[in-house]
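Quick note: the sequence shown uses the working numbering, first residue 8, plus one each step.
Even for Gly, the Cβ is constructed at its ideal location relative to N, Cα and C.
Read the structure below first, then the notes.
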Amino acid sequence: MTALASSKRLVVKIGSSILVDEAKGEIRRDWLEALSDDVARLQKAGCEVVVVSSGAIRLGRRHLKLAPGPLKLEESQAAAATGQIQLAHAYQAALARHGITVAQVLLTLDDSEERRRYLNARQTMGTLLGLKAVPVINENDTVATDEIRFGDNDRLGARVAEMISADTLVLLSDIDGLYTGDPRTDATATFIPEIREITPEIEAMGGSAASEMSNGGMVTKLMAARIAMAAGCRMAIADGRTVGALGALIDGAARCSWFLPEASPLSARKRWIKGSLKTAGTLTVDDGAVRALSAGKSLLPAGITAIEGDFKRGDVVDVKDRVGRTLARGLVAYAAEDARRIAGRKSVEIERLLGFRGRDEMVHRDDLVVE
Ligand code: GLU
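The following block contains the structure:
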């Protein structure tokens, strides 16, 4: 079975140059329908799929009849506003053929950099996937300014993969992988099928083999690989130009370059939690919770006897037993004030106590590292 066929949570990034027909300035419907068939097939096989799609600016600029050449910031913002609707409609129509619901998610750089927004986006995406919807994500180019934008969807795709602990990220682009040089100008350039570490040599190769067609050349793809690998997510650079390109990759009928991380997404996430230098507070727990934690369970509000610190949702906190021994460390699902209100109470009481229904767990087991 190919890595793609065995993926449980997949992010597919689609570049503008393969989705939008340059001559007509329109979406390639046959291509998108084939992609939708492949997404439906993956979903049937139990894989959750998230699409990160470019193309809004390219579509919008044609629609608004903007002159060729570089766009001013406000022009690309206007183009994105127009193009994004077309993009979303096209995905909706294509996936509706399979009865699949599409959910549009527009992100900005802040959503991945700022902890609280990151967690919100993570939770929304998790909910959508649980409901079997396919999130179609793009950067919110209409409000993004030069200082606060990714600018390329390669890194956005990697951030999304990190955010939702995806096991696989595929960048569908106009080149089938990483080469030792630029294959279009260098006859000796050889294809590299597998990369386990981004060394300075690998980085140098990326510098010379940039794709001219979109913002994201090989340089941003290698940056994306770095983010994905650190998050325990394997990443492929693949040629997505032909109709049915994703299906060919799933079947192993097309080649691509794989960037393979050492760790799994969950262990990478836990390593990150464990390695955080500063904790924002302490949760003291009773003996029942100590037993639950050592059995690999989540920490529920009921087991908490005391809370120290002024933490926010998503901060790293220590978990200690009655005598002050540190047992675990984790990402807390409630801000300190709310946590104090629900400590010692049953999860079914959360909504009545806080006025909203948050998570049942104070620290979910996926967010918890037991010492
Ligand atoms: N977000 C941009 C768009 O949808 C594309 C960025 C990229 O080319 O990677 O037009």
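Note down the Cα distance separating residue i from residue j, rounded to an integer number of angstroms.
| i | j | result |
| --- | --- | --- |
| Gly-337 | Arg-69 | 48 Å |
| Thr-115 | Ile-205 | 26 Å |
| Leu-163 | Asp-373 | 23 Å |
| Val-355 | Arg-48 | 38 Å |
| Leu-17 | Asp-294 | 39 Å |
| Leu-26 | Asp-181 | 10 Å |
| Ala-41 | Gly-251 | 5 Å |
| Met-369 | Asn-127 | 16 Å |
| Ser-264 | Ala-211 | 16 Å |
| Ile-257 | Lys-353 | 45 Å |
| Gly-282 | Leu-273 | 14 Å |
| Asn-222 | Gly-158 | Reliability fails at Asn-222, whose pLDDT of 45 lies under 50, so the model's placement of it is uncertain and no value is given. |
| Met-236 | Ser-23 | 24 Å |
| Pro-77 | Gly-106 | 39 Å |
| Met-220 | Arg-123 | At Met-220 the pLDDT is 39, less than 50, meaning the model places this residue with poor confidence and gives no usable figure here. |
| Asp-367 | Ile-357 | 8 Å |
| Arg-347 | Val-59 | 39 Å |
| Ile-349 | Gly-362 | 11 Å |
| Glu-55 | His-371 | 21 Å |
| Ala-100 | Asp-161 | 25 Å |
| Val-150 | Ile-311 | 42 Å |
| Gly-32 | Arg-191 | 25 Å |
| Leu-284 | Glu-269 | 23 Å |
| Ser-218 | Leu-138 | Reliability of the predicted coordinates at Ser-218 is poor, the pLDDT of 44 falling under 50, and the value obtained from them is presented with this limitation in mind. Roughly 36 Å between the two C-alpha positions. |
| Ala-255 | Asp-328 | 53 Å |
| Tyr-125 | Glu-344 | 20 Å |
| Trp-279 | Pro-75 | 45 Å |
| Gly-224 | Asp-28 | 19 Å |
| Lys-51 | Lys-304 | 30 Å |
| Ala-194 | Glu-208 | 19 Å |
Just to confirm, does residue i get its C-beta within under 7 Å of one of the non-hydrogen atoms of the ligand GLU?
| i | result |
| --- | --- |
| Asp-118 | no |
| Gly-22 | yes |
| Ile-182 | no |
| Ala-160 | The sequence given here places Asn at residue 160; Ala does not occur at that position. Yes, the Cβ of Asn-160 comes within 7 Å of a heavy atom of the ligand GLU. |
| Glu-315 | no |
| Gly-62 | yes |
| Ala-87 | yes |
| Asp-28 | no |
| Glu-121 | no |
| Asp-148 | yes |
| Arg-65 | yes |
| Asn-145 | yes |
Can you tell me the Cβ-Cβ gap for residue i and residue j, rounded? I've got them flagged as a contact below 8 Å.
| i | j | result |
| --- | --- | --- |
| Thr-286 | Val-324 | 6 Å |
| Thr-333 | Glu-315 | About 13 Å; that fails the 8 Å criterion. |
| Val-57 | Val-167 | 6 Å |
| Lys-228 | Ile-202 | Lys-228 to Ile-202, Cβ: 11 Å. No contact. |
| Val-377 | Ser-271 | Not really, about 17 Å apart at Cβ, beyond 8 Å. |
| Ala-275 | Ala-231 | So it is not a contact: roughly 15 Å between Cβ atoms. |
| Tyr-341 | Arg-359 | Going by Cβ atoms, the distance from Tyr-341 to Arg-359 rounds to 15 Å, so no, they are not a contact pair. |
| Ile-21 | Gly-247 | 7 Å |
| Ser-61 | Arg-104 | In fact, because the Cβ distance is near 22 Å, the residues do not count as touching under 8 Å. |
| Asp-118 | Ile-155 | That pair is no contact at about 10 Å. |
Determine the contact status of residue i and residue j, defining contact as a CB-CB distance below 8 Å.
| i | j | result |
| --- | --- | --- |
| Ser-83 | Asp-189 | no |
| Gly-351 | Ala-296 | no |
| Gly-3 | Val-226 | Outside the shown range of the chain (8 to 378) lies residue 3, about which nothing can therefore be said. |
| Phe-318 | Val-339 | yes |
| Ala-253 | Leu-306 | Residue identity check: residue 253 is Leu in the sequence provided, not Ala. No; because the gap between Cβ atoms is not below 8 Å, this pair is not in contact. |
| Gly-67 | Gly-53 | no |
| Ile-64 | Ala-30 | no |
| Val-6 | Leu-179 | Since the displayed the chain opens at 8 and closes at 378, residue 6 lies outside it and no answer follows. |
| Arg-129 | Met-170 | yes |
| Arg-262 | Asp-183 | yes |
| Thr-1 | Leu-80 | Summary: the structure shown does not reach residue 1, with the chain confined to residues 8 through 378, and so no result is reported for it. |
| Ala-313 | Val-326 | no |
| Gly-259 | Thr-9 | yes |
| Met-298 | Phe-266 | Checking the sequence, you will find Arg at residue 298 rather than Met. Their beta carbons are not under 8 Å apart, which means Arg-298 does not touch Phe-266 by this criterion. |
| Ala-85 | Leu-71 | yes |
* Asked: Is there contact between the stretch 193-201 and the stretch 23-40, where contact requires at least three CB pairs shorter than 8 Å?
  -> no
* To do: Would you be able to state if there are at least three C-beta pairs under 8 Å between the stretch 163-176 and the stretch 12-26?
  => Yes, the stretch 12-26 is in contact with the stretch 163-176.
* When the Cβ atoms of the stretch 140-154 are set against those of the stretch 102-111, are three or more pairs found closer than 8 Å? -> yes
* Do the stretch 91-106 and the stretch 131-138 meet, that is, are 3 or more Cβ pairs less than 8 Å apart? -> Touching, no.
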